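Working notes for the structure below.
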Amino acid sequence: MVSLGSRSISKIRAGTVALNICLGRARIFAEAKIFLVGENRAVRRKTRLDRTRKREKMFTLIHQDKNSKARLGKVTTAHGEFDTPAFMTVGTHATVKGLMFKDIEQAGAQIILANAYHLFLRPGIEIIKKAGGLHKFMSWNKPILTDSGGYQVFSLALYRKISDQGVEFQSHIDGSKHFLTPEDVIKIQETLGSDIMMPLDECVHYPCAKEESRAAMERTIAWAKRSKDAKQDTGSFLFGIVQGATYEDLRSDCAKRLVDMDFDGYSIGGVSVGESSNLIYNIIELVTGLLPLDKPRYAMGIGYPFDILEAVERGVDMFDCVIPTRYGRNGTAFTNYGKIIIRNAAYTEDFRPLDAKCGCYTCQNFSRAYLRHLFNAKEMLGLVLLSLHNVYFFLDLTRQIRQAIQEDKFSQFKQIFLMNYNHQTCA
Ligand SMILES: [Zn+2]
Numbered sequence: 136m137v138s139l140g141s142r143s144i145s146k147i148r149a150g151t152v153a154l155n156i157c158l159g160r161a162r163i164f165a166e167a168k169i170f171l172v173g174e175n176r177a178v179r180r181k182t183r184l185d186r187t188r189k190r191e192k193m194f195t196l197i198h199q200d201k202n203s204k205a206r207l208g209k210v211t212t213a214h215g216e217f218d219t220p221a222f223m224t225v226g227t228h229a230t231v232k233g234l235m236f237k238d239i240e241q242a243g244a245q246i247i248l249a250n251a252y253h254l255f256l257r258p259g260i261e262i263i264k265k266a267g268g269l270h271k272f273m274s275w276n277k278p279i280l281t282d283s284g285g286y287q288v289f290s291l292a293l294y295r296k297i298s299d300q301g302v303e304f305q306s307h308i309d310g311s312k313h314f315l316t317p318e319d320v321i322k323i324q325e326t327l328g329s330d331i332m333m334p335l336d337e338c339v340h341y342p343c344a345k346e347e348s349r350a351a352m353e354r355t356i357a358w359a360k361r362s363k364d365a366k367q368d369t370g371s372f373l374f375g376i377v378q379g380a381t382y383e384d385l386r387s388d389c390a391k392r393l394v395d396m397d398f399d400g401y402s403i404g405g406v407s408v409g410e411s412s413n414l415i416y417n418i419i420e421l422v423t424g425l426l427p428l429d430k431p432r433y434a435m436g437i438g439y440p441f442d443i444l445e446a447v448e449r450g451v452d453m454f455d456c457v458i459p460t461r462y463g464r465n466g467t468a469f470t471n472y473g474k475i476i477i478r479n480a481a482y483t484e485d486f487r488p489l490d491a492k493c494g495c496y497t498c499q500n501f502s503r504a505y506l507r508h509l510f511n512a513k514e515m516l517g518l519v520l521l522s523l524h525n526v527y528f529f530l531d532l533t534r535q536i537r538q539a540i541q542e543d544k545f546s547q548f549k550q551i552f553l554m555n556y557n558h559q560t561c562a
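Quick note: to get my numbering, add 135 to the position in the sequence shown (first position is 1).
Written as structure tokens, this is what we have:
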């Protein structure tokens, strides 16, 4: 840094100038950008204001269904917008299994979910940093939400030890040992360039004793606070995760305390881990009732079409699930008339598409008989075409949900959809 006398400062204008600096005997010629102190502060203030405005606009509530808590909204991130209710296609390892990003985009995907735990272990954050961030690395220029990997540490790691400081674990890939604090997990996601980050949280199994659930919830809240304090002003958003297992008082306490901390949005974690559907819906109803209307709500890991509908009805805006591609790889297709198990002999000479109502590439071009043949011949195209159809089906479901909310017809839409879906005429 070169300081100049106050007289010369008054004559200088911001811009690029040639500097001729004497340092002892050496004479250094350099070109430098000059910012006047006042202007520099003004620029910083403007940047802060711009970011604040961006944050304020993160979620726009466009319309609330007149007959339910279903909401139509829009989330704005540094990499563009997505409409809510949104189904986020899962790309755990920076790829949606078996599918090209151009095809996913064409199917209507506006946001993808990746997993910080998996990317931290493989290929490693430094490699993604060198590539210029996760968007460039995977060549996806739309919003990315990253899960912290808290759930994966608990479900996949060969060994784990949790303390208030963080979590020590052994990689499920190569057995290597790691220790991550909530601050590390934020740093990892910021390095990835995530648009929406999740803090490290403690998940519990189902069923779980109340005192154990309470301790995990308290730790989740403490870690959420540390994550918020560690977050830099990079333009990424940070959600708070509501835990508390199936205990209403714990969930309610957790939601209220996280709302007091003022996160950009709120996730409902630890649902769909083995408990009954009614328990899931009750917890979702309780929690959404405590969350602010002007922030997005995300039910993590949900789910099946009927779960999505029930959660939307209770005011949830965002969903993710591995179901479309996992089922696609296993030969199961979701349709408006229930699930189809494509290997079934019933489809040997069935030349209809998977779903006559579906506009996806698979349904526009291929028959059930052909898809069955691909699966029986163990051809990889079969997995690709069924995965593509399933992804399209879930994206189209949320598109139809949004349309129904816009027209205040969500309840009718849900009733008709479930009547057809549960009828299972295709399975
Ligand atoms: Zn289709």
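Yeah, the Cβ is synthetic: ideal placement off N, Cα and C, and Gly gets one too. What you are looking at is a predicted structure, and each value in this text was computed from that prediction instead of being measured.
Legend entry - Own chain partners of W275 with C-beta closer than 7 Å, once the 5 adjacent residues on each side are dropped: F236, I247
Inset, instruction - With DSSP as the reference, label E484 as helix, strand or coil. - result: coil
Inset, instruction - Kindly indicate which three-state DSSP category E542 falls into: helix, strand or coil? - result: coil
Inset, instruction - Out of T355, S362, V339, D218, state which residue places its alpha-carbon closest to the alpha-carbon of M332. - result: S362
Legend entry - Whole-number beta carbon distance between A251 and S283, since they are thought to touch under 8 Å: 6 Å
Legend entry - heavy atom of ligand 1 below 7 Å from L489 C-beta: yes
Legend entry - Runs of beta strand (DSSP E) wholly within the segment 448-529 (minimum 3 residues, chain order): 453-456, 467-470, 473-476
Inset, instruction - Look at the alpha carbon of A357 and the alpha carbon of Q300, and state the distance between them as a whole number of angstroms. - result: 10 Å
Inset, instruction - Measure the C-alpha to C-alpha separation of E346 and E353 and round it to an integer number of angstroms. - result: 10 Å
Inset, instruction - Out of A205, L516, L207, E410, point me to the one whose CA is closest to Y341's CA. - result: E410
Inset, instruction - Would you grab the beta carbon distance between T355 and D336 for me? Rounded to a whole angstrom, and I think it's under 8 Å. - result: 4 Å
Inset, instruction - Give me whichever residues DSSP pairs with N250 in a beta bridge. - result: D282
Legend entry - Cut-off 6 Å between Cβ atoms - residues of its own chain near R507, not counting five sequence neighbours on either side: I477, Y482
Inset, instruction - Compare the C-beta of A504 against all C-beta atoms of chain C and say whether one is closer than 8 Å. - result: In the structure shown, chain C does not exist; there is a single protein chain.
Legend entry - Contacts around A504, its chain only, beta-carbon distance under 8 Å, and the 5 residues preceding and following it disregarded: Y482, T483, E484, D485, F486
Inset, instruction - Grab the span of the alpha helix (DSSP H) containing V422 for me, first residue to last. - result: 412-423
Inset, instruction - Helix, strand or coil for M554, going by three-state DSSP, please let me know. - result: helix
Legend entry - Beta-bridge pairing of D218 - partner residues as DSSP gives them: K209
Legend entry - Span of the beta strand (DSSP E), counted from its first residue to its last, around Q305: 302-305
Inset, instruction - Report yes if the C-beta distance between S522 and P459 is below 8 Å; otherwise report no. - result: yes
Inset, instruction - Figure out for me which residue from E303, S290, Q378, N471 has the closest Cα to the Cα of N525. - result: N471
Legend entry - T224 vs A244 beta-carbon contact at 8 Å: yes
Legend entry - Proximity winner among E383, V451, K192, relative to T112 (alpha-carbon distances): Shown here, the chain extends from 136 to 562; a query on residue 112 therefore has no answer.
Inset, instruction - Please determine, among R257, K232, A390, the residue with the shortest C-alpha to C-alpha distance to M515. - result: K232
Legend entry - Exposed unless 16 or more other CB atoms sit within 10 angstroms - verdict on L293: exposed
Inset, instruction - Please indicate yes or no: does the CB of F528 lie closer than 7 Å to some heavy atom of ligand 1? - result: yes
Inset, instruction - Can you tell me which of the three DSSP states S402 falls into? - result: strand
Legend entry - Helix, strand or coil at T103 according to DSSP, with G and I counted as helix: Within the shown structure, residues of the chain are numbered from 136 to 562, placing residue 103 beyond reach of any answer.
Legend entry - Three-pair Cβ contact test at 8 Å for the segment 387-403 versus the segment 412-426: yes
Legend entry - Straight-line gap, A512 to N465 (C-alpha atoms, nearest Å): 14 Å
Inset, instruction - State the DSSP-derived secondary structure class of R295, mapped to helix, strand or coil. - result: strand
Inset, instruction - Taking Q550 as the reference, give the member of P440, A344, S298 with the closest Cα. - result: P440
Inset, instruction - Would you mind sorting I279 into buried or exposed? The rule is 16 or more other CB atoms within 10 Å of its CB. - result: buried
Legend entry - Rounded distance between the beta-carbons of P488 and V210, thought under 8 Å: In fact, because the Cβ distance is near 33 Å, the residues do not count as touching under 8 Å.
Inset, instruction - Counting only the same chain and skipping the five closest in sequence on each side, list residues whose C-beta sits under 7 Å from that of L385. - result: S348, R349, M352, G379
Legend entry - T224: CB within 7 Å of a non-hydrogen atom of ligand 1: no
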